[in-house]
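Number of protein chains: 2
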Amino acid sequence: MTKRPVLDFWFEFASTYSCLTALRIEAAAEAAGVDLRWRPFLLAPIFAAQGWNSSPFNLYPSKGRYMWRDVARRAGRAGLSIVKPEAFPQNSLVAARLALAGRDAGWLPGFTRALFRAEFCEGRNIAEEAVLTAALRAAGADPSLAFPLARSDEVKGRLKAEIELAKSLGIFGAPTFVTEDGELFWGDDRLEEALTWAKDGR
Amino acid sequence: MTKRPVLDFWFEFASTYSCLTALRIEAAAEAAGVDLRWRPFLLAPIFAAQGWNSSPFNLYPSKGRYMWRDVARRAGRAGLSIVKPEAFPQNSLVAARLALAGRDAGWLPGFTRALFRAEFCEGRNIAEEAVLTAALRAAGADPSLAFPLARSDEVKGRLKAEIELAKSLGIFGAPTFVTEDGELFWGDDRLEEALTWAKDGR
């Protein structure tokens, strides 16, 4: 039996393009015969290191206006409606810790999809406990176990280590896909190329 | 007879992704039944307005490393080899003025393709007169007429007006495609979407 190729899917809960990918990557990876590793991380420390104190889409208004239009067009073709949340970017720290808390138990992908839908399809605030709780429940996780685990030193350390790994890989935005041979692909629009590379090595 | 749709192709001679588009857009537009308007402009004044004194690919090294790899992969699939020129980004002022000097006479596209090949397939410096002259000749233009025209107040003013128009359209990078109904698409990877929109209005 041949081992299936693995693709790392690095994403940030505050990122619109990460949302587009999260809502379509599973079907695309299955069709390509590629296994996924869902890797939530935070862009804020990476942006801060290059002198940005917010999303580039806020710092550069033309780019921001374009992004919302581009995301709406891409979502529309996938049958989704994108809502711009009141606050952007949102504080994604607890979301990322919760997702990593569900990595071993297997509810990370389901939680991620539910939370992205709440954020960018319903315009909810993902820093709110009620929104996080609903996403946990949708993924079959027990909030009374998940929240304490997300606050544990183990999970906090896990997120820090993931951010350091992302930096060392040269990741500067999200989503980013990394193949087993270290090839980076940045952006929802590179998902198909990344899956092909994961399979064929080119 | 139905009027063919028109797509504006805004490009910057110093831009790698503009090069990728310039070398493939004509066949793609013809296949889609769309007419093109080639619109050279300069990104430097637009970047300067947002506080950048160089290419973002130089200011943000991880992004720059990724860009060269991404461009090489995309070029490879098109059968091209990309060479990183010694200087990047290059001074594209005279190139842009020359291209606009050839707009009415019809040699703008041919000159553009030849100059992009010199820059990113051969690693030549497009600010050098010999390189510009060779590209003019390749496009069937007469350098002894083209250079004086490029230095004329009319052509200088034409370039300034194009840059102002680009700003007012919200253009922040290159290549950018603009449809007749004002829809913007940014990046070589959006060419197909832009052509579809130009044809079908969605």
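Top to bottom, those sequences are chains U and L.
For the first sequence, the numbering used here gives the first residue as 995, with consecutive numbering after it.
For the second sequence, the numbering used here gives the first residue as 995, with consecutive numbering after it.
Even for Gly, the Cβ is constructed at its ideal location relative to N, Cα and C.
For residue i, which beta-bridge partners are listed by DSSP?
{"i": "residue 1029 of chain L", "result": "L/1000"}
{"i": "residue 1005 of chain U", "result": "U/1034"}
{"i": "residue 1180 of chain L", "result": "L/1170"}
Pull up the distance between the alpha-carbon of residue i and that of residue j, whole angstroms please.
{"i": "residue 1196 of chain U", "j": "residue 1051 of chain L", "result": "24 angstroms"}
{"i": "residue 1187 of chain L", "j": "residue 1035 of chain L", "result": "22 angstroms"}
{"i": "residue 1109 of chain L", "j": "residue 1069 of chain L", "result": "16 angstroms"}
{"i": "residue 1012 of chain U", "j": "residue 1006 of chain L", "result": "29 angstroms"}
{"i": "residue 1023 of chain U", "j": "residue 1089 of chain U", "result": "24 angstroms"}
{"i": "residue 1158 of chain U", "j": "residue 1063 of chain U", "result": "32 angstroms"}
{"i": "residue 1148 of chain L", "j": "residue 1061 of chain U", "result": "35 angstroms"}
{"i": "residue 1197 of chain U", "j": "residue 1000 of chain U", "result": "Because chain U is modelled from 995 through 1196, residue 1197 of chain U falls outside the range shown and cannot be assessed."}
{"i": "residue 1122 of chain U", "j": "residue 1136 of chain U", "result": "17 angstroms"}
{"i": "residue 1071 of chain U", "j": "residue 1116 of chain U", "result": "18 angstroms"}
{"i": "residue 1182 of chain L", "j": "residue 1177 of chain U", "result": "20 angstroms"}
{"i": "residue 1039 of chain U", "j": "residue 1091 of chain U", "result": "15 angstroms"}
{"i": "residue 1179 of chain L", "j": "residue 1160 of chain U", "result": "29 angstroms"}
{"i": "residue 1019 of chain U", "j": "residue 1138 of chain L", "result": "56 angstroms"}
Should residue i be labelled buried (16 or more other beta-carbon atoms within 10 Å of its own) or exposed?
{"i": "residue 1155 of chain U", "result": "exposed"}
{"i": "residue 1073 of chain L", "result": "exposed"}
{"i": "residue 1173 of chain L", "result": "buried"}
{"i": "residue 996 of chain L", "result": "exposed"}
{"i": "residue 1042 of chain U", "result": "exposed"}
{"i": "residue 1021 of chain L", "result": "exposed"}
{"i": "residue 1100 of chain U", "result": "exposed"}
{"i": "residue 1162 of chain L", "result": "exposed"}
{"i": "residue 998 of chain L", "result": "exposed"}
Going by the beta-carbon positions, is the gap between residue i and residue j smaller than 8 angstroms?
{"i": "residue 1056 of chain L", "j": "residue 1164 of chain U", "result": "yes"}
{"i": "residue 1114 of chain L", "j": "residue 1054 of chain U", "result": "no"}
{"i": "residue 1140 of chain U", "j": "residue 1096 of chain U", "result": "yes"}
{"i": "residue 1112 of chain U", "j": "residue 1120 of chain U", "result": "yes"}
{"i": "residue 1171 of chain L", "j": "residue 1185 of chain L", "result": "yes"}
{"i": "residue 1129 of chain U", "j": "residue 1028 of chain U", "result": "no"}
{"i": "residue 1144 of chain L", "j": "residue 1037 of chain L", "result": "no"}
{"i": "residue 1189 of chain L", "j": "residue 1081 of chain L", "result": "no"}
{"i": "residue 1010 of chain L", "j": "residue 1065 of chain L", "result": "yes"}
{"i": "residue 1008 of chain U", "j": "residue 1083 of chain U", "result": "yes"}
What are the residues of the stretch 1163–1185 of chain U that lie near chain L, defined by any Cβ-Cβ distance shorter than 7 angstroms?
1164, 1166, 1178, 1180, 1183
Name the residues in the stretch 1054–1072 of chain U whose C-beta lies less than 8 angstroms from a C-beta of chain L; which are they?
1054, 1056, 1057, 1059, 1060, 1063, 1064, 1067
In chain order, what residues of the stretch 1020–1047 of chain L put their CB closer than 8 angstroms to some CB of chain U?
1044
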